[in-house]
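Just so you know, the sequences run in chain order A and B. The first sequence maps to residues 118 to 323 in our numbering. The second sequence maps to residues 118 to 323 in our numbering. Please read the structure below before turning to the comments.
Number of protein chains: 2
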Amino acid sequence: MDTSRKRNTAREESLSVILHHAERIFAEYGFKGATMQAIADAAALPKANLHYYFPTKLALYREVIERIFTIWLEAADSFDTSASPREALSRYIRKKMEISRAHPCGSKVWANEVIQGAPIIQDYLQTTLGAWTDSRIEVINRWIAEGQIDPINPRHLLYMIWATTQHYADFQHQVVTLNGGKRLDDSQWDAATKSVTEIILRGIGA
Amino acid sequence: MDTSRKRNTAREESLSVILHHAERIFAEYGFKGATMQAIADAAALPKANLHYYFPTKLALYREVIERIFTIWLEAADSFDTSASPREALSRYIRKKMEISRAHPCGSKVWANEVIQGAPIIQDYLQTTLGAWTDSRIEVINRWIAEGQIDPINPRHLLYMIWATTQHYADFQHQVVTLNGGKRLDDSQWDAATKSVTEIILRGIGA
DNA sequence: CAATTTCTTGACTAGTTGGTCAGCTATGCT
DNA sequence: AGCATAGCTGACCAACTAGTCAAGAAATTG
């Protein structure tokens with residue numbers, strides 16, 4: 118049943134190209150501001166072709182969000198609960214910074230979605246994100262009980278990590294502007310990651 | 118020339134009401150997603166009346182942005198360069214947290230604007246924000262030179278403060294959801310402010 | 001009071017945009 | 001080859017929305 122290699126790859130290629138450009142356009146113009154025509158132009162496809170793969174704009178948007186959430190889960194996994202606070206947190210922060218660098222548009226779409234009240238991802242926030250957060254808060258509280266870190270509020274620590282790392286993606290434009298209009302280079306990303314990691318780890322006495 | 122009290126106050130009242138609701142609608146739906154009709158409905162005015170005071174949607178949006186920037190400047194002033202690091206930074210962080218609580222919509226509009234490449238506020242970023250940032254970096258470097266704080270990268274410290282404090286406004290919906298759907302109460306805002314301040318101050322050895 | 005200016009508003013227009021559809025082409029199967 | 005299926009596309013339409021406008025209401029002035 119090795120049905121049609123050419124068709125399958127063509128399909129996957131089209132889907133991939135559309136989703137890639139849709140992410141960019143949604144990030145740049147927001148859900149309403151992004152037009153199917155603009156996405157089609159970016160993907161170098163006729164608009165009707167988009168509607169062949171995705172029945173509605175909302176369906177396309179949902180798919181984009183879905184993919185972003187997958188990446189988010191990947192970062193979440195890197196928070197190793199069996200490691201030491203220093204090890205677990207610095208690994209997690211580094212991973213989040215890498216994502217901010219590699220997928221700024223995805224991060225922006227996510228941010229836009231949350232700012233606008235998360236009409237689509239409400240479920241994720243309540244279920245998956247909620248459960249993950251609770252489990253990590255438990256771990257952090259254990260670290261505190263064991264005297265491995267200072268008694269800080271775990272929730273606010275997590276918010277600080279999210280906010281700071283995602284800032285480099287979501288506010289990329291501001292960061293670049295304040296960097297003289299030049300994108301951060303390798304060493305600057307490295308310095309940013311080090312700074313964030315050090316301030317936070319020292320901040321909690323790890 | 119004490120020209121017409123009733124008219125002037127009516128005018129100011131209308132302007133104020135429109136701007137207030139416009140901020141909310143822009144925050145919730147983005148620039149393109151917000152419609153003049155929706156703003157008019159929120160302000161309980163006929164749409165044509167909006168166009169009497171603001172010729173175009175963009176003009177209204179600019180005015181909203183302008184007001185937000187004023188608030189931002191107010192916070193910027195609270196960064197007292199003649200105080201000690203502990204004093205200056207904790208005051209600044211507290212002020213920024215207060216703004217996040219009092220003006221979440223303004224913060225969201227600003228965030229949206231930056232995420233989408235800051236088409237309107239590019240000037241502010243380059244001039245006013247750029248100059249302010251440079252001046253504070255100088256002060257922070259002085260603190261480092263005097264041994265009052267650890268040698269950290271001032272720029273990334275500022276980004277961390279901005280990101281973390283604004284997170285409570287921009288990601289309000291996520292914060293509330295993870296708080297069991299309840300808005301933060303007085304004591305929770307206080308705890309958040311304390312946590313943020315403590316982690317950051319300890320993080321830089323202040 | 002009448003004239004003038006400011007403010008208000010329903011109705012309309014032009015332009016945009018999400019989505020449809022009928023017909024086309026390319027691929028795979030027997 | 002011939003048939004079936006998946007993929008592609010230009011042309012079209014209905015809905016929505018920013019902005020206009022002319023006519024009227026309300027306030028101010030001389």
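Heads up, the beta-carbon is just placed ideally off N, CA and C, and yes, glycines get one too. The structure displayed is predicted, hence computed values, not measured ones.
So, at 8 Å on beta carbons, what are the nonlocal neighbours of residue i in its own chain, with the 5 sequence-adjacent residues on each side left out?
i, result
"Asn229/A", "Phe143, Ala144, Gly147 and Phe148"
"Leu190/A", "Thr245"
"Glu140/B", "Val181, Arg184, Ile185, Cys222, Gly223 and Val226"
"Ala192/B", "Tyr209, Lys212, Lys213 and Ile216"
"Ala157/A", "Pro163, Lys164, Asn166 and Leu167"
"Asp240/A", "none"
"Gln305/B", "Asn296"
"Asn258/B", "Pro271"
"Ser75/B", "Because chain B is modelled from 118 through 323, residue 75/B falls outside the range shown and cannot be assessed."
"Ala155/A", "Ile142 and Tyr146"
Which residues in the same chain as residue i place their Cβ atom closer than 7 Å to its Cβ, once the five residues preceding and following it in sequence are excluded?
i, result
"Phe196/B", "Ala205, Tyr209 and Arg253"
"Pro221/A", "Ala286 and Gln289"
"Thr250/A", "Leu275"
"Met277/B", "Ile317"
"Ala235/A", "Leu242"
"Arg300/A", "Val293"
"Val256/B", "Thr198"
"Ala151/A", "Ile142 and Phe143"
"Gly322/A", "Ile266 and Asp267"
"Arg272/B", "Ile254"
"Lys174/B", "Met153"
So residue i packs on residue j, CB below 8 Å; how close in whole Å?
i, j, result
"Thr282/B", "Ser217/B", "6 Å"
"Leu162/A", "Met153/A", "Between Met153/A and Leu162/A the Cβ distance is about 10 Å, and since that is not below 8 Å, they are no contact."
"Gly223/A", "Ile185/A", "4 Å"
"Ile135/A", "Tyr170/A", "6 Å"
"Arg211/A", "Thr310/A", "6 Å"
"Ile232/A", "Ile182/A", "That pair is no contact at about 14 Å."
"His138/B", "Ala165/B", "With 8 Å as the limit, His138/B and Ala165/B do not qualify as a contact, their Cβ atoms being about 16 Å apart."
"Ala280/B", "Ala308/A", "Wrong, their Cβ atoms sit about 16 Å apart, outside the cutoff."
"Ile269/B", "Ser312/A", "6 Å"
"Gly264/B", "Arg319/A", "About 16 Å; that fails the 8 Å criterion."
Within the same chain, show all residues whose beta-carbon is closer than 6 Å to that of residue i, passing over the 5 residues directly before and after it, in chain order.
i, result
"Ser207/A", "Thr314"
"Met118/B", "Its pLDDT being 39, under 50, Met118/B is placed unreliably by the model, and the measurement read from it follows with that caveat. If we look at Met118/B and ignore the five residues flanking it on each side, it has no Cβ neighbours."
"Met214/B", "Thr282 and Thr310"
"Ala248/A", "none"
"Lys123/B", "none"
"Ile261/B", "Pro268"
Residue i: beta carbon under 7 Å from a heavy atom of the ligand MG?
i, result
"Ala219/B", "Only the bare structure without any ligand can be found here, which leaves the ligand MG out of the picture."
Fill in: Start-end ranges of the alpha helix (DSSP H) lying completely within the stretch 207 to 246 of chain A, minimum 4 residues
Runs of the alpha helix (DSSP H) lying entirely within the stretch 207 to 246 of chain A and spanning at least 4 residues, in chain order: 221 to 232.
Worksheet item: Name the residues in the stretch 265 to 295 of chain A whose C-beta lies less than 8 Å from a C-beta of chain B; which are they?
Response: Those residues of the stretch 265 to 295 of chain A that come within reach of chain B (Cβ to Cβ, closer than 8 Å) are Asp267, Ile269, Asn270, Arg272, His273, Leu274, Tyr276, Met277, Trp279, Ala280, Thr281, Gln283, His284, Tyr285, Asp287, Phe288, His290, Gln291, Val292, Thr294 and Leu295.
Worksheet entry | Those runs of the alpha helix (DSSP H) which lie wholly inside the stretch 243 to 310 of chain A and span at least 4 residues | Counting only runs of 4 or more, we get 247 to 262, 271 to 287 and 289 to 295.
Discussion item. Taking beta-carbon pairs under 8 Å, can you tell me which members of the stretch 228 to 262 of chain A lie near chain B?
Written reply: The residues in question are Ala228, Asn229, Val231, Ile232, Gln233, Gly234, Ala235, Gln239, Leu242, Gln243, Leu246, Gly247 and Thr250.
Item to complete: Return the residues of the stretch 123 to 150 of chain B that lie within a Cβ-Cβ distance of less than 9 Å from chain A, sorted by chain order.
Response: Taking 9 Å as the Cβ-Cβ cut-off against chain A, the residues of the stretch 123 to 150 of chain B that qualify are Ala144, Glu145, Tyr146, Gly147, Phe148, Lys149 and Gly150.
Discussion item. Output needed in chain order: residues of the stretch 310 to 322 of chain B with a Cβ under 9 Å from some Cβ in chain A.
Written reply: Answer in chain order: Lys311, Ser312, Val313, Glu315, Ile316, Ile317, Leu318, Arg319, Gly320, Ile321 and Gly322.
Item to complete: Closer than 7 Å, Cβ to Cβ, to anything on chain A: give me those residues from the stretch 215 to 229 of chain B, in chain order.
Response: The residues in question are Lys225, Ala228 and Asn229.
Practice prompt. Report the residues of the stretch 151 to 175 of chain A with a CB closer than 7 Å to any CB of chain B, ordered along the chain.
Written response: Against chain B - using a Cβ distance shorter than 7 Å - the stretch 151 to 175 of chain A contributes no residues.
Discussion item. Could you tell me which whole beta strand (DSSP E) segments of length 3 or greater appear in the stretch 154 to 194 of chain A?
Written reply: Whole beta strand (DSSP E) segments, 3+ residues: zero.
Fill in: Members of the stretch 190 to 205 of chain A near chain B, C-beta cut-off 7 Å
For the stretch 190 to 205 of chain A, no residue has a beta-carbon sitting nearer than 7 Å to a beta-carbon of chain B.
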